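There are 2 protein chains.
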Amino acid sequence: MPPTHPLNQEVSLSVIKTACSNCNLRELCLPLGLSLEELERLDDLVSTRRRIKRGDHLYRAGEGFDSIYAIRSGFFKTDVLLEDGRDQVTGFQMAGELLGLDGISTEHHTCNAIALEDSEVCAIPFSRLEVLSREIHTLQHHFHKVMSREIVRDHGVMMLLGTMRAEERLAAFLLNLSQRFTSRGFSHAEFYLRMTREEIGSYLGLKLETVSRAFSKFQEEGHIAVQQKHIRILNVSGLKALMNHQR
Amino acid sequence: MPPTHPLNQEVSLSVIKTACSNCNLRELCLPLGLSLEELERLDDLVSTRRRIKRGDHLYRAGEGFDSIYAIRSGFFKTDVLLEDGRDQVTGFQMAGELLGLDGISTEHHTCNAIALEDSEVCAIPFSRLEVLSREIHTLQHHFHKVMSREIVRDHGVMMLLGTMRAEERLAAFLLNLSQRFTSRGFSHAEFYLRMTREEIGSYLGLKLETVSRAFSKFQEEGHIAVQQKHIRILNVSGLKALMNHQR
DNA sequence: GCGTTGGCTTGATCCATGTCAACCACAGAA
DNA sequence: TTCTGTGGTTGACATGGATCAAGCCAACGC
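As they're listed, the protein sequences go chains R and D. Position one of the first sequence corresponds to residue 7 (my numbering), numbered consecutively onward. Position one of the second sequence corresponds to residue 7 (my numbering), numbered consecutively onward.
Take a look at the structure:
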């Protein structure tokens, strides 16, 4: 690298930090097995970053859609509102995951995306992603896989909501979180929940009291240790076994 | 058209009948606003048809994935099986809709697709669809919209399973079916259900007895007339009103 | 320190839906 | 025609989770 003026160097560093090619989430997010030249073109596409404060919306249902978002850091929930005021959390998203795929279909977002902690996302203009994915085949295929994975995930949630009882649902939820934290290099056994009991309940189709009781029961039975939002998983196979207590 | 030998003519007719360009479902399915030349290329892609008998599988969970399927005629359900034997119907699909999108993610199907009546589908080899959609932009965009629509639809089902009570679920289900029949040119008010009460229940997260009771209640209240699988909707707004009876 | 607030826990009670069981209706086979 | 099987309906009863209500805990501002 040629010597640079200190200020220039700082600017160039910050640019590097923003780039996909240098992002430690690149395996979870869009790019995968690209050539250097292709990575550069991707960096160019994903150049806009946005910071979202805890509690703020990344987008709202009804707003026009033009970008999908890759979460660089932080934690989000998405929820859908019915006219009568009822709402349901449709998912929790963490670093390395994508947000906004629902907006492609109508060109309007169909749910709200809300940060559960201070977060940072990369905006990916969708029409430009389509252009680029025509040229980079692996990008195209990877994107199709990501969309398909979302459909499969939703089927899993439908299964959970349609056939599982309260404790099974919570066990499945905890195991899923644990697995996702693990694949991001965090502890699989110890983590902080970013969402309230009410949000968990909404996601699982339960009332917050039921969620709370299930947490207490799991603790009594020695499967987990709960202290507010701090969770330690003591017995993974115990939790897995719980998932077969069908009615 | 040049004069042909009778046998040739018959062959040529059957080819025409198979083609996308001549399929009366073309607005619902993949192609949309394509040039003649583009339509021909699509016809070439979607050349394999398969007949599936009532009760037979189009594909099974775990099988390798290589094609998605456009339903040309008939009616399907998809379901997911848990190891412990529980299963859940994840959707009902009718003519003009696509099947198999879940398989893209892992290159294996993740659910079973079963014909609820004698049906006919067009197989669309996925890798060739990807090639063609790189070249035909409207095809690419339409396909992305279709996948996204599937995600939005699943969110709707999650909402239904997570926040609605039994009668609301069934009302939503009937209204959805009615709307889909309508958009295919069938009566919005009168149709035959292709699935059993048990399958409806599985889809809605209810037991078949609950579904049956809800049908009876709707009939008592004059919203519908039920005779086995034959349904007449007498009062659409009544059903819609039912959907706001939250707890 | 103290009070306030939001989130969490726990208990008592209720009710929607599941469960179990009997019976009915239609379709297809004999 | 009767027989048989599958799917549908209906009733009586059981129960998981919702609801209502009280109190607890930790964080934060004063």
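Just so you know, even glycine gets a beta-carbon here, dropped at the ideal spot from N, CA and C. Bear in mind the structure is a predicted one, so any value in this text is a computation, not a measurement.
| Nearest CA to the CA of E69 (chain D): which residue from D:D108, D:Q225 and D:S193? | D:D108
| request: Anything in chain R within Cβ reach of K151 (chain D), meaning under 9 angstroms, just list it in chain order. | output: I110, S111, T112 and E113
| message | I need the DSSP call for V232 (chain D), collapsed to helix, strand or coil. | response | strand
| Rounded C-beta distance between R92 (chain D) and R55 (chain D)? I'm assuming under 8 angstroms. | So it is not a contact: roughly 34 angstroms between Cβ atoms.
| What residues are listed by DSSP as bridge partners for E126 (chain R)? | R:R57 and R:S79
| query | Going along chain D in order, which residues have a C-beta closer than 7 angstroms to the C-beta of N250 (chain R)? | reply | D90
| task | Report buried or exposed for E141 (chain D), applying the criterion of at least 16 other Cβ atoms within 10 angstroms of its Cβ. | result | exposed
| field | Inside the segment 149-234 of chain D only - beta strand (DSSP E) runs reaching at least 3 residues | value | 196-198 and 230-233
| query | What are the start and end residues of the alpha helix (DSSP H) that includes F132 (chain R)? | reply | F132 to E141
| task | Have a look at D:H229, D:G162 and D:L176 and flag the residue whose alpha-carbon is nearest the alpha-carbon of A195 (chain D). | result | D:H229
| field | Beta-carbon gap between A121 (chain R) and T84 (chain R) smaller than 7 angstroms | value | no
| query | For G68 (chain R), does the three-state DSSP call read helix, strand or coil? | reply | coil
| Do you know how far the Cα of H150 (chain R) is from the Cα of L167 (chain R)? | 26 angstroms
| query | Got a sec: is the Cβ-Cβ distance from H63 (chain R) to anything in chain D below 7 angstroms? | reply | no
| said: For the segment 115-139 of chain R, list every residue whose C-beta sits within 9 angstroms of some C-beta in chain D, in sequence order. | reply: T116, C117, F132, S133, E136, V137 and S139
| Does DSSP classify A121 (chain D) as helix, strand or coil? | strand
| message | Is there a Cβ of chain D sitting closer than 7 angstroms to that of H148 (chain R), yes or no? | response | no
| field | Beta-carbon proximity of L176 (chain R) to A247 (chain R), cut-off 7 angstroms | value | no
| said: Just to confirm the assignment, what range does the beta strand (DSSP E) spanning D50 (chain R) have? | reply: Note, D50 (chain R): premise wrong, no beta strand (DSSP E); alpha helix (DSSP H) at L42 to L51.
| Alpha carbon of M7 (chain D) to alpha carbon of R57 (chain D), nearest angstrom | Note on M7 (chain D): pLDDT 40, under 50, position unreliable in the model; the coordinate value appears next. If I take the Cα positions, the gap works out to 30 angstroms.
| query | Taking only beta-carbon atoms, is T202 (chain D) less than 7 angstroms away from chain R? | reply | no
| query | Can you tell me whether DSSP reads S243 (chain R) as helix, strand or coil? | reply | helix
| is_contact[D160 (chain R), chain D] using C-beta, thresh 7 angstroms | yes
| request: Below 8 angstroms on the Cβ atoms is my guess for A76 (chain D) versus L104 (chain D); work out the distance and round it to an integer in Å. | output: 6 angstroms
| Under 7 angstroms from the C-beta of L6 (chain D): neighbouring residues of chain R | Missing from the structure shown is residue 6 (chain D); chain D here goes from 7 to 253 and no further.
| query | Excluding five sequence neighbours on each side, which residues of the same chain lie with their C-beta closer than 6 angstroms to the C-beta of R66 (chain D)? | reply | N118
| Can you give the Cα-Cα distance for G97 (chain R) and I74 (chain R), rounded to whole angstroms? | 16 angstroms
| message | Can you pull out the residues from the segment 184-195 of chain D whose beta carbon lies closer than 7 angstroms to at least one beta carbon of chain R? | response | none
| Under three-state DSSP, which class holds L88 (chain R)? | coil
| query | Hey, C26 (chain D) and D49 (chain D): beta-carbon distance below 7 angstroms or not? | reply | yes
| request: Look up I110 (chain R) in the DSSP assignment and say whether it is helix, strand or coil. | output: coil
| request: Evaluate Y198 (chain D) with the Cβ neighbour count: other Cβ atoms within 10 Å of its Cβ, from every protein chain shown; 16 or more gives buried, anything less gives exposed. | output: exposed
| request: Can you tell me which of D:D90, D:R238, D:S41 and D:G39 puts its alpha carbon nearest to the alpha carbon of F224 (chain D)? | output: D:R238
| task | Show which residues of chain D have a CB atom less than 7 angstroms away from the CB atom of Q94 (chain R). | result | M164, M165, G168 and T169
| request: Alpha carbon to alpha carbon, how far is I206 (chain R) from G162 (chain R)? Give it in angstroms, no decimals. | output: 16 angstroms
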